[in-house]
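Mind the numbering: the sequence shown is residues 92 to 460 in my numbering, read in order.
Structure, as structure tokens:
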Amino acid sequence: MMKNSLIALAVAGVFMAPIAMADTSNVIIYGIADLAVGSTDNGVVSATQVSSQVSKLGFKGSEDLGDGLSAIWQIEQQIDMDNTSAAGAKNTFGTRNTFAGLKSESMGTVLLGRHDTPYKIATRKLDVFVDQLATNYSLMGGGSSATNGAGLHIARLTDELVYISPKMNNFTVAAAIVASAETATTAAQQKGSAYSLAAMYDAAPFYAALAYESFKYGSAGTGTFGAAGAVAAGDTQSATQLGLGYTMDALQLNLVYEDNKSSVAGLDSFGRSNLYLGGKYSFGNDDVKLAYTTAGKIGGVANTGAKQISIGYDHSLNKRTTLYAQYTKISNQSGANFGITSAGSTAGGAAVALGNSPSGYAFGVKHVF
92 MMKNSLIALA VAGVFMAPIA MADTSNVIIY GIADLAVGST DNGVVSATQV SSQVSKLGFK
152 GSEDLGDGLS AIWQIEQQID MDNTSAAGAK NTFGTRNTFA GLKSESMGTV LLGRHDTPYK
212 IATRKLDVFV DQLATNYSLM GGGSSATNGA GLHIARLTDE LVYISPKMNN FTVAAAIVAS
272 AETATTAAQQ KGSAYSLAAM YDAAPFYAAL AYESFKYGSA GTGTFGAAGA VAAGDTQSAT
332 QLGLGYTMDA LQLNLVYEDN KSSVAGLDSF GRSNLYLGGK YSFGNDDVKL AYTTAGKIGG
392 VANTGAKQIS IGYDHSLNKR TTLYAQYTKI SNQSGANFGI TSAGSTAGGA AVALGNSPSG
452 YAFGVKHVF
């Protein structure tokens, strides 16, 4: 009996050894819990609700491979803390930046997977309301619609190959490509693709960024850029942006100019220019924030522009916990229907009719861990 018990323990030890030896010392767990109570009004109906902004949970790590080279990885997902049954994939594992790659101190970083494009990375730090109700994402980013179509180029793409250079003389460059035909294609089908480029200069008190991004759509159902909805195979969309930031003591001033161009639905070329101005003044544990965004008319289509004004106040309880209040209003021209676009699960509210002017406010708490 004793002999059988010893054999059983030995066998169990063999199978348990890989688990016991698994190295979890280099795994970092991090996230944000950001919830607010507020209201959105689309010009016809209004709704008061608790909404999750960009609440997220992530796991990341690295392993030293020697000679300045490291293996890196990350798995991150958005968590809709107000409503775990909300529509969409925001409670699905790995919906945000999720990748594996190699990082060299001298040569830079190469990533494979799902990641913010260099175009997005270049200027998101200049949005003083980033990832919250009053974000400039509502108007910036371009798109294929003659009415709104915001946010297209503020993207996180799948099937992405990303390169980020090391910082040299305060400059960083980044590039990404997507060859998105995940399914088999026939000779008659087109394959979609995308590329994104950015150059960034960061030396306090100045920040500057220049970025370009281009999408080409393939046949429907062929992958990330399989055409659907307003676009068709062969359609292209591109955007160029310039971002500037300056911080002087307690005052931060930011500017982003964006030019979008499209070849969509038989129109050879139409585009829209957008402008964002943002500012933040800090005193003690408090910040006052103000932002103004404009979306110009699209091509020759009259009355398709819009303006957005946002104001906010933050109070830091400590380094990781902040209370905030913010208000935003979009004024659409008669041929535009931009809506309040929040990355939260419910904060965006219902669709906006042409010419209506949506608005919203939020009182929230944000904790970073």
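Glycine included, every Cβ here is placed at the ideal spot set by N, Cα and C.
Values in this document were obtained by computation on a predicted structure and should not be read as measured data.
Three-state secondary structure (DSSP) of residue i
i           : result
residue 211 : helix
residue 365 : strand
residue 130 : strand
residue 351 : strand
residue 228 : helix
residue 388 : coil
residue 427 : coil
residue 197 : coil
residue 395 : coil
residue 447 : coil
residue 378 : strand
residue 269 : strand
residue 116 : coil
residue 217 : coil
residue 192 : strand
residue 401 : strand
residue 281 : coil
residue 184 : coil
Cα-Cα separation, residue i to residue j
i           : j           : result
residue 391 : residue 152 : 50 Å
residue 395 : residue 351 : 14 Å
residue 454 : residue 270 : 42 Å
residue 253 : residue 190 : 10 Å
residue 159 : residue 450 : 50 Å
residue 128 : residue 172 : 12 Å
residue 143 : residue 217 : 22 Å
residue 290 : residue 387 : 25 Å
residue 262 : residue 330 : 22 Å
residue 447 : residue 427 : 8 Å
residue 411 : residue 121 : 12 Å
residue 444 : residue 413 : 34 Å
residue 459 : residue 409 : 10 Å
residue 239 : residue 196 : Only weak support is given to the placement of residue 239: the predicted model assigns it a pLDDT of 47, under 50, and the value that follows is read from those uncertain coordinates. Their backbone Cα atoms lie some 42 Å apart in a straight line.
residue 116 : residue 222 : 31 Å
residue 397 : residue 138 : 22 Å
residue 389 : residue 246 : 21 Å
residue 201 : residue 118 : 20 Å
residue 229 : residue 156 : 43 Å
residue 133 : residue 224 : 14 Å
Integer-rounded CB distance, given that residue j should sit under 8 Å from residue i
i           : j           : result
residue 283 : residue 307 : 6 Å
residue 401 : residue 417 : 7 Å
residue 193 : residue 213 : That pair is no contact at about 23 Å.
residue 204 : residue 251 : 7 Å
Closest by C-alpha distance to residue i, when choosing among the options
i           : options               : result
residue 310 : 325, 214 and 304      : 325
residue 375 : 384, 349, 388 and 407 : 407
residue 123 : 229, 167 and 148      : 148
residue 287 : 371, 193, 265 and 385 : 265
residue 415 : 187, 364, 457 and 389 : 457
residue 199 : 259, 225 and 244      : 259
residue 174 : 156, 140 and 132      : 140
residue 125 : 146, 119 and 377      : 146
residue 354 : 231, 117 and 328      : 328
residue 430 : 299, 301 and 136      : 136
residue 244 : 303, 419, 299 and 133 : 303
Bounding residues of the beta strand (DSSP E) (the contiguous stretch that carries residue i)
i           : result
residue 340 : Residue 340 -> no beta strand (DSSP E), and no H or E assigned at all.
residue 247 : 247-255
residue 143 : 137-143
residue 458 : 450-459
residue 298 : 297-307
residue 169 : 160-169
residue 293 : 284-294
residue 150 : 147-157
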